[in-house]
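Here the structure is laid out as structure tokens; the discussion comes afterwards.
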Amino acid sequence: MLPTDETLQSIKTEGDRESFYECDVDQGSERSQPWLLDGNIIIATDTRLFRVHRGVLCLHSQIFKDMFSSSQPDAALMVDDCPVVHLPDSGDDMYHVLQALYDRSYSPAYSDKLPFEVTAAFLRLGKKYMIDHLYKEAKDRLASNFPTTLVGWDLADARCSGSWSVSGWTHHALTLLTANLARETQLLSLLPAALYSASTLCTARELVHGVDDCTTGAHVLLCPENRDAVVVAHDALRELAVKTYGWLMRLPPACRLPGMDGCLDKKRTLLISLFYPKRVCTPLDEWDDAWEDRLCSECAAEAKRLHEAGRRYAWSQLPQVYGLPKWADLKD
Ligand SMILES: [Zn+2]
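The opening residue of the sequence shown carries number 1 in the UniProt record's numbering; numbering runs sequentially from there.
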């Protein structure tokens with residue numbers, strides 16, 4: 001896909017200038033790696049300067065290619081005899097992206113973890129500058145933790161946080177950070193699973209006031225849009241959980257246990273343990289074999305079938321629960 005004039009203009013507008021080249025270098029900006037002595041262009045961001053090659057940037061990004069061809073450098077604005085291009089991006093994000101473009105080992109094999117900050121930089125700038133392989137890597141890593149299918153969700157759930165493909169934060173903080181990043185970059189397909197994770201992992205106080213991350217010492221807060229979504233979702237999740245666990249209220253005619261109530265007494269005991277004093281609000285809970293042991297074979301088979309049907313229904317409704325379009329319309 002080719003960048004549109006609007007895309008290029010938006011990059012200019014963010015920097016509030018007519019030309020990519022027309023800028024003063026911020027005296028506070030520091031020279032940062034990659035700083036290559038044979039580089040022929042200086043990328044200037046809010047905090048860092050990078051000396052790199054136009055040709056390498058153009059090779060990876062049609063946006064850079066069009067940017068350089070649409071604007072000519074001003075000879076008065078040079079650093080080390082190289083023209084300066086000011087970009088309105090975070091210096092740290094640009095650092096991660098340029099390091100990855102120049103050093104293949106900077107982005108480890110997919111089986112290894114990548115710090116969240118690097119993943120976020122790949123997603124943000126990969127999308128903005130159409131550096132497709134970095135965008136795809138970041139998206140795939142995050143999607144493996146926050147998938148778009150129930151099968152994928154069960155796999156991710158089974159792996160737990162120990163095998164997350166991004167690292168550097170606690171599971172709680174990563175969930176909130178990913179939800180915010182997905183909202184910021186409009187990668188909406190990540191949001192249902194990320195917001196459901198937030199709803200089920202965090203307390204109401206953490207959802208509204210944020211979590212303290214013991215790994216980094218940072219305070220992580222949901223962005224206002226995500227915070228509203230998880231608060232509004234609470235009632236819908238409870239209703240979906242009641243549907244998933246609806247088998248607890250049923251006595252199938254084929255129940256094999258003698259007596260009027262059959263397996264119902266055992267189901268009532270289970271119902272009380274699950275819904276009292278704290279109600280279950282997790283409609284995607286997997287079937288627990290321990291429940292099966294308490295029921296006759298007919299009731300167990302029906303309960304398992306209804307539970308799975310309830311989970312599938314809950315998954316199908318998950319985007320709407322968080323105020324998003326249906327799965328089929330959830331385009332990135
Ligand atoms: Zn029974």
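C-beta: ideal position from N, C-alpha, C; glycine also.
What you are looking at is a predicted structure, and each value in this text was computed from that prediction instead of being measured.
If the five residues before and after residue 194 are omitted, its C-beta is found closer than 7 Å to the C-beta atoms of 146, 175, 178, 179 and 182, all from its own chain and listed in chain order. Per DSSP, the beta-bridge partners of residue 115 are 167. DSSP places residue 204 outside any beta strand (DSSP E); the residue lies instead in the alpha helix (DSSP H), whose first and last residues are 204 to 209. The beta-carbon separation of residue 322 and residue 229, rounded to 4 Å, stays under the 8 Å limit for a contact. By the Cβ-count criterion, residue 133 is exposed, with fewer than 16 other Cβ atoms from all chains shown falling within 10 Å of its own Cβ. Beta-bridge partners of residue 83 (DSSP): 78.
In this model, residue 143 and residue 52 are separated by some 32 Å (Cα to Cα). Counting only runs of 3 or more residues that sit fully inside the stretch 250 to 323, no beta strand (DSSP E) segment turns up.
Leaving aside the five residues that flank residue 118 on each side, the residues in its chain whose CB is nearer than 6 Å to its CB run, in chain order, 96. Rounded to whole angstroms, the separation of the alpha carbons of residue 262 and residue 329 is 45 Å. Not one heavy atom of ligand 1 sits closer than 6 Å to the Cβ of residue 217. In this structure, ligand 1 has no non-hydrogen atom nearer than 6 Å to the beta-carbon of residue 264. The continuous stretches of beta strand (DSSP E) do not include residue 72, and DSSP gives it neither H nor E. Distances from the CB of residue 299 to the heavy atoms of ligand 1 include at least one below 6 Å. Under the DSSP assignment, residue 99 falls in the alpha helix (DSSP H) whose first and last residues are 91 to 102. When the beta-carbon positions are compared, residue 304 and residue 327 stay at least 7 Å from each other. Secondary structure at residue 212: strand, using DSSP grouped into helix, strand and coil.
Per DSSP, residue 105 lies in no beta strand (DSSP E) and is assigned neither H nor E. Relative to the Cα of residue 257, the nearest Cα in the group 294, 246, 271 and 244 belongs to 294.
Remark: the shortest separation between the CB of residue 257 and any heavy atom of ligand 1 falls under 6 Å.
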